[in-house]
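One structure below.
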Amino acid sequence: MARVFSGIQPSGELHIGNYLGAVTNWVALQEQHECFFCIVDYHAITQDYEPQELEARTFDMAVSLVAAGVDPEKCVLFVQSHVPEHTELAWVFMTVTPLGELERMTQFKDKSQRQESVLAGLLNYPVLQAADVLLYRADTVPVGEDQVQHIELMREIARKWNARYGTGFFPEPDAALSGKARRILGLDGEAKMSKSLGNTIGILEQPEEIWQRLRPAVTDPARVTKKDPGTPEVCNLYALHQLFSPSSTVEEVAQKCRSAGWGCLDCKRVLADNMSTRLAPIRERAAELRADPDRMGELLAAGADRARAVARETMREVRERMGLLPGEARAPANR
Ligand code: TRP
């Protein structure tokens, strides 16, 4: 049995991209492995954000995850800042991480370019990510392609720490790219689906809202009017049909598109209906969870307790191996 760790930013409600791309994979993994799933709020504050909104976004992410099937009975689901050992181990790792490695991270380069003054938290983002995983000595990290570089650095950090303080103590985790490595495009048909680009559909949206989002979505550009035949394979909406519609519908859609039997709006109508139906049980579970915020708070507190039990033990061993004076004892035992 592998020990699995993954993290997700507290971006509020899940969208269908992170639902299909990541969370359905988590739901499958929790059946067979020991899984730690973490809402990474300390990572979220490395970029511009509204303090008044973060709490709600974190809560909504927790609701979305549980509604989507992440089961606090089958995995450890918790909020990163509830387990202070994450930042503690991050500090330790900063002392073995080469600055040059951090500076060459693609994500750091992208994000820092857009900033007037680059903050140390952004640079050290991957160090905290390494601490997240290694605190649980997890060996498997389900992530998207864009995180592979961070996982490689994580392996290097584990190697460096091990070489100095304790051979074999930390594993070198592997990235587990979700089988189909599905990159779900946004409704603009261009960029990856992402909340910050506003090209998403939330998994908790009402049927009418789903329709309002799909209606203007970009399709095959060759279909200028209803009479122009289209090529399903180049259409992002067809890709979404493949994810949400039964295979008989997918075939019908392809055929009606090629023959210009349907206009794009007809096709979108069918997709909106199928999407709404598929997401209905998730919407219902989310409504129940929202109705009882105390219960959700208790679930997260229980998750943090379970995570902490492991985290505390790792940190105890880390401190010991690094020669830090134990806090329990007032003075070294044999003076
Ligand atoms: N950086 C990851 C992302 O943006 C989120 C994350 C934080 C993470 N800590 C993690 C993912 C640990 C996997 C393991 O998607």
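The numbering of the sequence shown is the numbering used here, which starts it at 5 and goes up by one.
Ideal Cβ placement from N, Cα and C applies to all residues, glycine included.
Nothing here was measured: the structure is a model prediction, and the numbers come from that model.
Would you mind giving the Cβ-Cβ distance between residue i and residue j, rounded to the nearest angstrom? I have them listed as a contact below 8 Å.
| i | j | result |
| --- | --- | --- |
| M300 | V67 | 6 Å |
| V27 | L18 | 6 Å |
| A308 | V83 | 7 Å |
| P177 | V147 | Incorrect: roughly 10 Å between the Cβ atoms, too far for contact. |
| D75 | Q36 | Their Cβ separation, rounded to whole angstroms, is 13 Å, which puts D75 and Q36 out of contact at 8 Å. |
| A242 | C261 | Inspection of the sequence shows that residue 242 is occupied by Tyr rather than by Ala. Yes, Y242 and C261 are in contact; Cβ-Cβ is about 7 Å, under 8 Å. |
| P88 | I43 | The Cβ separation is near 15 Å, so there is no contact. |
| L275 | F248 | 7 Å |
| G193 | T204 | Not a contact, Cβ separation roughly 13 Å. |
| V257 | P236 | 7 Å |
| Q151 | A179 | 7 Å |
| L65 | I20 | Correcting the residue type first, residue 65 is Met in the shown sequence and not Leu. Actually they are not in contact, since the Cβ atoms of M65 and I20 sit about 15 Å apart, beyond 8 Å. |
| F97 | I49 | Rounded, the Cβ-Cβ distance is 18 Å, inconsistent with contact. |
Among the options, which has the Cα closest to the Cα of residue i?
| i | options | result |
| --- | --- | --- |
| F41 | D64, V8, T28 | V8 |
| L181 | Q13, A6, G25, I12 | G25 |
| R282 | Y53, L189, I214, A221 | I214 |
| S200 | Y53, H90, A94, P250 | Y53 |
| D45 | G16, E38, F174 | G16 |
| H47 | V131, E57, T253 | V131 |
| E105 | Q153, Q117, R61 | Q153 |
| N166 | T101, T110, N128 | T101 |
| V80 | E59, E38, T223, M109 | E38 |
| R118 | Q51, R187, K272 | Q51 |
| A305 | I20, D296, H86 | H86 |
| V137 | L127, E156, L126 | E156 |
| I188 | N240, E77, S10 | N240 |
| S280 | F173, E149, E212 | E212 |
| V314 | E149, L123, L139 | L139 |
| E92 | E302, A135, E160 | A135 |
| H90 | A72, N128, R163, P285 | N128 |
| V70 | E324, P285, G265 | P285 |
| F173 | E57, A142, K231, E149 | A142 |
| E149 | R227, K78, T110 | T110 |
On the CB-based measure, 16 or more other CB atoms within 10 Å of its CB, does residue i come out buried or exposed?
| i | result |
| --- | --- |
| R339 | Since pLDDT at R339 reaches only 48, below the 50 mark, its modelled position is unreliable, and no value is offered. |
| M158 | buried |
| E332 | exposed |
| E209 | buried |
| Y23 | buried |
| E321 | exposed |
| W95 | exposed |
| L329 | exposed |
| M5 | exposed |
| T99 | exposed |
| S263 | exposed |
| T229 | exposed |
| T318 | buried |
| L350 | It is not possible to answer for residue 350, since the shown part of the chain is limited to 5 through 339. |
| T62 | buried |
| K113 | exposed |
| A185 | Note on A185: pLDDT 47, under 50, position unreliable in the model; the coordinate value appears next. Answer is exposed; the Cβ neighbour count stays below 16. |
| K272 | buried |
| G125 | exposed |
| S251 | exposed |
| Q259 | exposed |
If you follow the beta strand (DSSP E) that residue i is in, where does it begin and where does it stop?
| i | result |
| --- | --- |
| R299 | No beta strand (DSSP E) holds R299; the alpha helix (DSSP H) holding it covers 297-326. |
| P407 | Nothing about residue 407 can be reported from this structure: the residues present for the chain run from 5 to 339 only. |
| G11 | 7-12 |
| D178 | 178-181 |
May I ask which residues mark the beginning and end of the alpha helix (DSSP H) holding residue i?
| i | result |
| --- | --- |
| A162 | 152-169 |
| V4 | A question about residue 4 goes unanswered here, because the residues of the chain that appear run from 5 up to 339. |
Relative to the ligand SAH, is the shortest distance from any of its heavy atoms to the C-beta of residue i smaller than 6 Å?
| i | result |
| --- | --- |
| V238 | With respect to small molecules bound, the structure shown includes the ligand TRP and not the ligand SAH. |
Return the chain-ordered ranges of every beta strand (DSSP E) run that is complete within the segment 44-130 and spans a minimum of 3 residues.
Secondary structure in the segment 44-130: the beta strand (DSSP E) runs of 3 residues or longer, each lying completely within the stretch, are 80-83 in chain order.
Only counting runs of 4 or more residues, tell me where the alpha helix (DSSP H) segments fall wholly within the segment 202-285, in order along the chain.
Whole alpha helix (DSSP H) segments, 4+ residues: 211-218, 240-248, 251-262.
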